[in-house]
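Novice: This is the structure I want to talk about, given as structure tokens.
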Amino acid sequence: MSTPTLHASVVLDRLTFTWPDGSTALSEVSGSFGTGRTGLVGRNGAGKSTLLRLMAGVLTPTSGVITATGEIAYLPQQLTLDVDRRVAELLGVATALDAVRAIEAGDVDPARFDAVGDDWDIEARAAASLAEAGLSPDFLDRRVGELSGGEAVLVAIAGIRLRRAPITLLDEPTNNLDRDARATLAAMVESWKGALVVVSHDLSLLELMDDTAELYGSELTVFGGPYSEWRARLDAEQDAAKQAEVAAKQVLRKEKRQRIEAESKLATRSQMAKKAYENKKEPKIVMNGRKMAAEVSAGRLRVEVGAKEDAARSALDEAGRRVRSDASMKIELPDPGVSRSRRIATISDAEREWVIQGPERVALIGRNGVGKTTLLERLVAGAVHNSGRSVAEGAGPRDSRTPEPPRDSSFLNCERADAVAHTDRIGYLPQRVDDLDETRTVFENIADAAPQVPEKELRNRLARFLIRGATAERPVAALSGGERFRVALARLLMSDPAPHLVVLDEPTNNLDIDTVDQLVEALRAYRGAVLVVSHDDAFLARLDLDLTLEIDAEGALHAV
Numbered sequence: 001m002s003t004p005t006l007h008a009s010v011v012l013d014r015l016t017f018t019w020p021d022g023s024t025a026l027s028e029v030s031g032s033f034g035t036g037r038t039g040l041v042g043r044n045g046a047g048k049s050t051l052l053r054l055m056a057g058v059l060t061p062t063s064g065v066i067t068a069t070g071e072i073a074y075l076p077q078q079l080t081l082d083v084d085r086r087v088a089e090l091l092g093v094a095t096a097l098d099a100v101r102a103i104e105a106g107d108v109d110p111a112r113f114d115a116v117g118d119d120w121d122i123e124a125r126a127a128a129s130l131a132e133a134g135l136s137p138d139f140l141d142r143r144v145g146e147l148s149g150g151e152a153v154l155v156a157i158a159g160i161r162l163r164r165a166p167i168t169l170l171d172e173p174t175n176n177l178d179r180d181a182r183a184t185l186a187a188m189v190e191s192w193k194g195a196l197v198v199v200s201h202d203l204s205l206l207e208l209m210d211d212t213a214e215l216y217g218s219e220l221t222v223f224g225g226p227y228s229e230w231r232a233r234l235d236a237e238q239d240a241a242k243q244a245e246v247a248a249k250q251v252l253r254k255e256k257r258q259r260i261e262a263e264s265k266l267a268t269r270s271q272m273a274k275k276a277y278e279n280k281k282e283p284k285i286v287m288n289g290r291k292m293a294a295e296v297s298a299g300r301l302r303v304e305v306g307a308k309e310d311a312a313r314s315a316l317d318e319a320g321r322r323v324r325s326d327a328s329m330k331i332e333l334p335d336p337g338v339s340r341s342r343r344i345a346t347i348s349d350a351e352r353e354w355v356i357q358g359p360e361r362v363a364l365i366g367r368n369g370v371g372k373t374t375l376l377e378r379l380v381a382g383a384v385h386n387s388g389r390s391v392a393e394g395a396g397p398r399d400s401r402t403p404e405p406p407r408d409s410s411f412l413n414c415e416r417a418d419a420v421a422h423t424d425r426i427g428y429l430p431q432r433v434d435d436l437d438e439t440r441t442v443f444e445n446i447a448d449a450a451p452q453v454p455e456k457e458l459r460n461r462l463a464r465f466l467i468r469g470a471t472a473e474r475p476v477a478a479l480s481g482g483e484r485f486r487v488a489l490a491r492l493l494m495s496d497p498a499p500h501l502v503v504l505d506e507p508t509n510n511l512d513i514d515t516v517d518q519l520v521e522a523l524r525a526y527r528g529a530v531l532v533v534s535h536d537d538a539f540l541a542r543l544d545l546d547l548t549l550e551i552d553a554e555g556a557l558h559a560v
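End of the sequence shown sits at 560 in the UniProt record's numbering; the numbers just go up one at a time, nothing left out.
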């Protein structure tokens with residue numbers, strides 16, 4: 001790998017972390033992060049989020065040491081916010097801001113001046129920070145509950161920049177951001193002051209990094225360059241390693257063959273010597289001498305060919321260790337038997353309508369807050385209420401987790417989009433996979449959704465999703481975002497009969513790049529209909545879409 005940034009902001013020394021259930025998330029990880037921008041990549045479950053939480057002090061290492069050159073600010077993957085707090089509190093400026101405003105209104109309490117300190121320009125700086133995040137100054141006095149998920153993320157990042165922490169950790173910051181917000185975040189990252197470590201699967205964001213760090217098998221390696229350069233180097237190294245492994249196998253086969261030939265020759269010589277001895281063709285002392293010399297020669301030959309074979313086997317083992325044997329998730333969507341003439345769903349607004357028919361793939365795009373998720377929930381919940389039958393939400397029978405139709409009837413007015421299902425066989429995977437029982441194991445969650453499937457068969461199916469062994473027995477609370485997605489997706493695909501329509505809301509948010517590849521291939525091969533909401537243009541471009549619909553700010557639909 002290339003040489004990364006020379007100066008370190010965070011140093012890890014033999015860092016180990018074990019969960020309360022005894023499973024090890026990280027084992028003796030050593031390495032460092034530079035003072036610039038670093039993209040941290042790795043497969044789901046590698047421990048990336050756990051590593052950030054350890055660096056941020058949210059978790060305590062089981063053993064090992066973390067050394068940082070300054071204060072660390074941290075944005076978690078899932079923001080847990082008090083919806084009644086003001087945005088000023090989320091920014092961390094509420095106390096100073098309220099004190100300045102009170103003094104300006106005539107309050108001369110010394111405590112107010114103490115609260116201000118040197119931050120007399122706090123409102124201007126906070127407003128500037130919000131503007132940099134693409135938000136207006138009046139956000140300062142809004143309630144957090146009034147913000148969309150993307151707005152909350154941008155406000156939180158604006159607060160980190162306002163604090164000017166020397167080291168910042170961002171965990172999947174683009175997950176809740178629409179296209180415009182992603183562009184805003186990209187501009188903020190490009191001008192970032194201080195060390196920045198970003199966990200992300202967003203290729204566009206990873207291209208803005210100075211360094212790329214990979215967490216693989218509890219080993220942290222750092223490459224000096226953005227993701228594309230790191231990936232090209234890794235692919236080249238793997239190609240070379242595979243070629244070396246093939247060459248080593250050929251050498252080993254050759255040495256085995258030569259050993260077998262040598263043994264055959266020695267056996268033939270031994271037989272000939274035995275016959276000569278029995279026939280007494282030469283004096284006994286001569287034959288004994290020759291026998292001893294032959295045994296010495298045979299021993300020397302066996303040592304020589306054996307050493308060559310051992311060396312070839314060692315070379316093969318070494319070459320094999322350089323070749324990664326990553327297991328890939330095998331997503332195989334069942335055949336729902338949907339004919340091309342079958343009407344699956346209708347999406348419409350006041351002007352026109354679009355029918356999803358047969359195995360079509362449709363994308364629904366638009367800025368945050370225009371109603372994309374609401375539209376999906378109406379489609380799914382409407383199918384349940386119209387048919388009286390269950391809809392798979394990650395699989396399983398209908399229960400309190402299945403979404404009810406939105407109570408805001410204005411969503412159905414003539415100027416807004418609507419969706420109607422023509423089938424009750426819908427597999428729905430919502431954006432937030434929060435309907436799993438946190439206290440129960442992975443296997444228990446899956447088994448609840450497939451009570452008729454024998455345990456052995458169920459475990460075999462789960463293995464295709466890389467859910468096997470100890471992973472299946474872990475509590476859901478200990479899973480990473482990507483692992484939770486795999487569990488939810490497995491539940492969806494366990495539904496019987498198979499869904500006519502698979503509905504996915506931002507499915508790439510918590511997936512590593514390799515798993516996104518698997519999902520793309522599965523959706524492209526699926527013989528049912530697909531409706532997907534996503535801000536990930538690279539993902540959508542690979543789905544061979546039949547139709548892309550955009551919802552505008554007024555709720556009107558446009559084919560793009």
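In this text, a Cβ means the ideal position worked out from N, Cα and C, and glycines have one as well. Small disclaimer: the values here were computed from a predicted structure and weren't measured.
Counting only beta-carbon atoms, is D437 nearer than 7 Å to chain B?
Specialist: Among the chains in the structure shown there is no chain B, since it carries only a single protein chain.
Novice: If contacts are defined as beta-carbon pairs under 8 Å, then G34 and A195 qualify, I think. What distance do you get, rounded to the angstrom?
Specialist: As a working note, residue 34 is residue 34 in the sequence shown. As a working note, residue 195 is residue 195 in the sequence shown. The Cβ separation is near 7 Å, so the contact holds.
Novice: I need the boundaries of the alpha helix (DSSP H) containing T184, first residue and last residue.
Specialist: Residue numbering aside, residue 184 sits at position 184 when the sequence shown is read from its first letter. Looking at the DSSP string, the run of the alpha helix (DSSP H) that includes T184 is R179 to E190.
Novice: According to the neighbour-count rule (16 or more other Cβ atoms, all chains shown, within 10 Å of its Cβ), is R425 buried or exposed?
Specialist: As a first step, residue 425 must be located in the sequence shown, where it is residue number 425. Answer is buried; the Cβ neighbour count reaches 16.
Novice: Please report the distance separating the alpha-carbon of A111 from that of D98.
Specialist: Counted from its first residue, the sequence shown places residue 111 at position 111. Counted from its first residue, the sequence shown places residue 98 at position 98. Those two C-alpha atoms are separated by around 12 Å.
Novice: Starting from T95, trace the alpha helix (DSSP H) both ways and give me its first and last residue.
Specialist: Sequence index remark: in the sequence shown, residue 95 carries index 95 (1-based). Looking at the DSSP string, the run of the alpha helix (DSSP H) that includes T95 is A94 to E104.
Novice: Reducing DSSP to helix, strand and coil, say where R484 ends up.
Specialist: For this step, residue 484 is matched to residue 484 along the sequence shown. Here R484 sits in helix by DSSP.
Novice: Alpha carbon to alpha carbon, how far is L375 from residue 581? Give it in angstroms, no decimals.
Specialist: It is not possible to answer for residue 581, since the shown part of the chain is limited to 1 through 560.
Novice: Apart from the five residues just before and just after S341, which ones in its own chain have a Cβ nearer than 6 Å to its Cβ?
Specialist: Mapped onto the sequence shown, residue 341 falls at position 341. There are no such residues.
Novice: For the segment 209-268, list the beta strand (DSSP E) runs that are entirely contained and at least 3 residues long, ordered along the chain.
Specialist: Fully enclosed beta strand (DSSP E) runs of 3 or longer: 211-216 and 219-223.
Novice: Quick one: grab the DSSP three-state call for Q518.
Specialist: On the sequence shown, residue 518 is found 518 positions in, with the first residue counted as 1. Here Q518 sits in helix by DSSP.
Novice: Is the segment 161-172 in contact with the segment 75-84, if contact means three or more CB pairs nearer than 8 Å?
Specialist: yes
Novice: With distances taken Cα to Cα, identify the nearest neighbour of Q518 among F465, A498, V560 and R527.
Specialist: Position 518 of the sequence shown, counted from the first residue, corresponds to residue 518. It is F465 whose Cα lies nearest to the Cα of Q518.
Novice: Could you tell me the alpha carbon to alpha carbon distance between A470 and R459, rounded to whole angstroms?
Specialist: Along the sequence shown, one-based indexing puts residue 470 at 470. Along the sequence shown, one-based indexing puts residue 459 at 459. Taking the straight line from one Cα to the other gives about 12 Å.
Novice: Which of the three DSSP states, helix, strand or coil, is assigned to L52?
Specialist: Counting from 1 along the sequence shown, the entry for residue 52 is found at position 52. Reduced to three states, the DSSP call for L52 is helix.
Novice: Is the segment 244-258 close to the segment 57-73, with three or more CB pairs under 8 Å?
Specialist: no
Novice: Spatial neighbours of H558 within its chain, please: C-beta separation below 6 Å, excluding the five flanking residues on both sides.
Specialist: Within the sequence shown, the letter at position 558 stands for residue 558. Result list for H558: E550, in chain order.
Novice: Under 8 Å, with one C-beta from each stretch per pair, do the segment 223-240 and the segment 249-262 reach the 3-pair mark?
Specialist: no
Novice: Nearest to T346 by CA position, among R37, D552 and L531, is which residue?
Specialist: The count along the sequence shown starts at 1 and reaches residue 346 at position 346. When each option's Cα is compared against that of T346, the closest is L531.
Novice: By a C-beta neighbour count over all protein chains shown, 10 Å radius and 16 as the cutoff for buried, is S129 buried or exposed?
Specialist: As a first step, residue 129 must be located in the sequence shown, where it is residue number 129. S129 comes out buried.
Novice: For R524, tell me which candidate among E104, D544 and F139 has the shortest Cα-Cα distance.
Specialist: The sequence position of residue 524 within the sequence shown is 524, counting from 1. From the listed residues E104, D544 and F139, the smallest Cα separation to R524 is found for D544.
Novice: Let me confirm a value: V502 is counted as buried when at least 16 other C-beta atoms fall within 10 Å, else exposed. Which label applies?
Specialist: Counting from one through the sequence shown, the residue named residue 502 turns up at place 502. So V502 counts as buried.
Novice: Could you name the residues that DSSP lists as bridge partners for Q357?
Specialist: As a first step, residue 357 must be located in the sequence shown, where it is residue number 357. DSSP lists R343 as partners of Q357.
Novice: Does the segment 106-124 come close enough to the segment 200-210 that 3 or more CB-CB pairs lie under 8 Å?
Specialist: Contact fails: fewer than three Cβ-Cβ distances are below 8 Å.
Novice: Cβ of T38 within 7 Å of Cβ of D211?
Specialist: Reading the sequence shown from its first residue, position 38 is the one you call residue 38. Reading the sequence shown from its first residue, position 211 is the one you call residue 211. In this structure, D211 lies closer than 7 Å to T38 by Cβ.
Novice: Within the same chain, show all residues whose beta-carbon is closer than 8 Å to that of E473, passing over the 5 residues directly before and after it, in chain order.
Specialist: Reading the sequence shown from its first residue, position 473 is the one you call residue 473. Contacts found: T441, V442 and F443.
Novice: Closer than 8 Å by C-beta to N445: which residues in its own chain qualify, once you throw out the five before and the five after it? Chain order, please.
Specialist: Here residue 445 refers to the residue found at position 445 of the sequence shown. Excluding sequence neighbours, N445 sits near L436, D437, V476, V487 and R491.
Novice: From which residue to which residue does the alpha helix (DSSP H) around G427 run?
Specialist: Residue mapping note: residue 427 aligns to position 427 of the sequence shown, counting from 1. It is not in any alpha helix (DSSP H) - G427 instead sits in the beta strand (DSSP E) that spans I426 to L429.
Novice: Please report the residue range of the alpha helix (DSSP H) in which D114 lies.
Specialist: Taking the first residue of the sequence shown as 1, we reach residue 114 at position 114. Looking at the DSSP string, the run of the alpha helix (DSSP H) that includes D114 is P110 to V116.
Novice: May I ask which residues mark the beginning and end of the alpha helix (DSSP H) holding G149?
Specialist: For this step, residue 149 is matched to residue 149 along the sequence shown. Unbroken alpha helix (DSSP H) run through G149: G149 to R163.
Novice: Do you know whose CA, among H422, S534, R43 and P497, lies nearest G371's CA?
Specialist: Working through the sequence shown from its first residue, we reach residue 371 at position 371. Cα-wise, what sits closest to G371 is S534.
Novice: Give every residue of the same chain whose Cβ lies closer than 6 Å to the Cβ of A367, excluding the five residues on either side of it in the sequence, and list them in chain order.
Specialist: Looking up residue 367 in the sequence shown gives position 367. According to the sequence provided, residue 367 is Arg. The question's Ala does not apply to it. These residues qualify, in order along the chain: D178.
Novice: Kindly indicate the opening and closing residues of the alpha helix (DSSP H) around I446.
Specialist: Here residue 446 refers to the residue found at position 446 of the sequence shown. Residues V442 to A449.
Novice: With distance defined between alpha-carbon atoms, name the residue in G70, D21 and T16 nearest to T50.
Specialist: Counted from its first residue, the sequence shown places residue 50 at position 50. Measuring from the Cα of T50, the nearest candidate turns out to be T16.
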